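Number of protein chains: 2
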Amino acid sequence: MGAGAGAEAGTGAGADGPEADAPGEQAPEGDGGGLPDPGDAWADVTPDAARRLLVAAIEAFAERGYHATTTRDIASRAGMSPAALYIHYRTKEELLFQISKVGHQRALALLESAAGAGAGDASPAERLGALVRAFVRWHAERHTTARVVQYELHALSEEHYAEVAGLRRATEQVVRQVIEDGVAAGDFDVADVPGAALAVLSLCIDVARWFNVGGRRTPEEVGDLYADLVLRMVRPERAG
Amino acid sequence: MGAGAGAEAGTGAGADGPEADAPGEQAPEGDGGGLPDPGDAWADVTPDAARRLLVAAIEAFAERGYHATTTRDIASRAGMSPAALYIHYRTKEELLFQISKVGHQRALALLESAAGAGAGDASPAERLGALVRAFVRWHAERHTTARVVQYELHALSEEHYAEVAGLRRATEQVVRQVIEDGVAAGDFDVADVPGAALAVLSLCIDVARWFNVGGRRTPEEVGDLYADLVLRMVRPERAG
DNA sequence: CTGTGGGCTAAGCGCTTGCTCAGTGGTGAG
DNA sequence: CTCACCACTGAGCAAGCGCTTAGCCCACAG
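Residue numbers (our numbering), protein chains in the order written: chain A, 1 to 240; chain B, 1 to 240.
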């Protein structure tokens, strides 16, 4: 549903907005509500209690980090007793894995769809622009989920990490391919394709770190800005 | 006992190296050795025991995160009993604050020196290139420290965070100023200066997340690559 | 009505956490 | 030598952790 208040702020690198940051309370919650992140995005998770726990975990992990979040914290955010968590998830780590796996899958699907948009007729520049716009918007709009997805990897078990790492490699491959297509078509001038792909992904991912709903840019604005910057990075110096 | 083997691994967005990720061993270690990160960089911290604890904490926080690191872990890496930590630091959080504060101060000093290099005669493009090269190299070479500096902010107390946030704002201001100078001189074509500054900083900072010593690029190579990409982002489309 | 099944809770187990404190051992002044 | 000094240790405390268990409640089948 989009429309949220979006924008940014962060303090990230020094951020943008006033100095709005601090662990926030946020989530107005509720059906008609505003915040677009976890609420409706996980509507397909059933049963209801499992979804509430998942959403609560996303918010807690994003705010405090996995290790600083207790199972009691998650359960109480979901309005349940601590023991209820273990009816739906075997361990706290499995909760994180679910969030991470599904989050990565959705981000990858989004990227593939944007990169392949109008497969036959879209130019590499259009495809790269669409890809960046989509990926940035995802990291901004869903920055609560994205923070868990991008910054809590180290807390996964070895096997779970390996599974997620595969999705991450696929993600990078999509970006690399679009840039390679542009180079092959003569539309891009890029000496180091893997390096450029790395930079593009890095730029998009880092949005999750600094983006703040109270800031001055909407997810759409950041997406447009970044798509422009990325296209400048890869275009030949003298446009032709 | 100097350098413990430290460090970790990337996979960031898909990282760099082959697929080298997973908690890695690497660090050549030793006094004459290779790893440049914490060892000699904190040589001015005294007494000796306080420095060993600080270096141990940097490595542990970078590998596992602040909350997943125990005081016993830090102490044993430093070759001491858990109680010894409290002779030199009041709390575990104060240890983090020392690392974060000094790390931010050094990064800022580095940036200011690079941005002001040859103050009078260097062009904005040269200054921006030098700035990016220096900042990226710092995040790559000192990526263990940089990871703590950039990704453990949330674990600071409110007052300590506020102090560090001031340093971060100053950091952003340096980048913004160089870009503004370039725009004023007609050397850069940037519609949104704060937005471009944000992107530049974001790109540099994220290096700490994905950089891996076992990867295929040296800090210098990444610095050169990124300086080139950033200059393309801000240069007028038809170079003049 | 009785009986069954499963989502859920109160209580709590075993363990680890950050941190403390009485005491030890080595060093340097007198 | 004695003695104060202090970095440091061994032992351990209170609190909080992830997770388990026994049993409650209530919808639903018969």
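In this text, a Cβ means the ideal position worked out from N, Cα and C, and glycines have one as well.
Source: prediction; values computed, not measured.
Point to revise | 7 Å CB neighbourhood of T69(A) in its chain, flanking five on each side removed | key: A60, F61
Check your understanding: By the criterion of Cβ-Cβ separation under 8 Å, what are the contact partners of D192(B) in chain A?
Key -> L225
Check your understanding: Does the segment 91 to 98 of chain A come close enough to the segment 174 to 192 of chain A to have 3 or more Cβ pairs within less than 8 Å?
Key -> no
Point to revise | Outcome for P236(B) when other beta-carbon atoms lying within 10 angstroms are tallied against a minimum of 16 | key: exposed
Practice item. Can you tell me which of the three DSSP states H67(A) falls into? Key: coil
Review point. Taking the runs of the alpha helix (DSSP H) that are 4 residues or longer, which of them lie wholly in the segment 78 to 138 of chain A?
Key: 85 to 88, 92 to 115
Point to revise | C-beta contact flag for A191(A) and V234(A) at 8 Å | key: no
Point to revise | Buried/exposed call for G79(A), threshold 16 Cβ in 10 Å | key: exposed
**Study point:** Proximity to L128(A) [Cα-Cα], best of V178(A), R169(A), R216(A)
**Key:** V178(A)
Review point. Among residues of its own chain, excluding the 5 on either side of Y161(B), which ones have a beta-carbon nearer than 7 Å to its beta-carbon?
Key: L153
**Study point:** Presumed contact (8 Å Cβ cut-off) between V222(B) and V132(B), rounded CB distance
**Key:** No, V222(B) and V132(B) are not in contact; Cβ-Cβ is about 10 Å, not under 8 Å.
Practice item. Pick out whichever of E141(B), D73(B), L203(B) has its Cα sitting closest to the Cα of Y226(B). Key: L203(B)
Check your understanding: Are the beta-carbon atoms of L54(A) and Q98(A) separated by less than 8 Å?
Key -> yes
Exercise for review: Please decide whether Y89(B) counts as near chain A, where near means a Cβ-Cβ distance under 8 Å.
Suggested key: no
Review point. Since D228(A) is in the alpha helix (DSSP H), which residue starts that stretch and which ends it?
Key: 219 to 234
Practice item. Indicate whether A107(B) and V149(B) have their beta-carbon atoms separated by less than 8 Å. Key: yes
Check your understanding: Is G182(B) helix, strand or coil when you go by DSSP?
Key -> helix
Check your understanding: First and last residue of the alpha helix (DSSP H) that includes H143(B)?
Key -> 143 to 151
Check your understanding: What is the C-beta distance between A49(B) and I74(B), in whole angstroms, given that I count them as a contact (C-beta under 8 Å)?
Key -> That belief does not hold up - the Cβ atoms of A49(B) and I74(B) are roughly 12 Å apart, past 8 Å.
Check your understanding: Looking only at C-alpha atoms, which of R147(B), E126(B), R232(B), E63(B) sits nearest to A199(B)?
Key -> R232(B)
**Study point:** Proximal residues, the segment 198 to 215 of chain B versus chain A, C-beta separation under 7 Å
**Key:** L198, A199, L201, S202, L203, I205, D206, W210
Check your understanding: Should L167(B) and A134(B) be called a contact, given that it needs their Cβ atoms to be closer than 8 Å?
Key -> no
Check your understanding: So, does the CB of A75(B) fall closer than 8 Å to a CB anywhere in chain A?
Key -> no
Review point. Who are the near neighbours of A146(A) in its chain, counting only those whose CB is closer than 6 Å to its CB and skipping five residues on each side?
Key: H139, A208
Practice item. List the residues of chain A whose Cβ lies closer than 9 Å to the Cβ of G186(B), in chain order. Key: What G186(B) touches in chain A: nothing, since even the nearest Cβ is about 17 Å away.
Point to revise | E159(B), DSSP secondary structure in three states | key: helix
**Study point:** 8 Å Cβ cutoff, H143(A) in contact with chain B
**Key:** no
Practice item. Could you list which residues in chain B have their beta carbon closer than 7 Å to that of G195(A), in chain order? Key: L225
Review point. For R142(A) versus E220(A), is the C-beta distance shorter than 8 Å?
Key: no
Review point. What number of angstroms, rounded off, separates the C-alpha of H88(B) from the C-alpha of S81(B)?
Key: 13 Å
Review point. First and last residue of the alpha helix (DSSP H) that includes G195(B)?
Key: 193 to 210
Check your understanding: Any idea what DSSP makes of R52(B), helix, strand or coil?
Key -> helix
Practice item. Give the straight-line distance between the Cα atoms of V114(B) and D206(A), rounded to the nearest whole angstrom. Key: For clarity, residue 114(B) is Ala in the given sequence; the question names Val instead. Each residue's Cα considered, the two are about 24 Å apart.
Check your understanding: In chain A, what lies closer than 7 Å to H67(B) by C-beta?
Key -> G65, H67, A68
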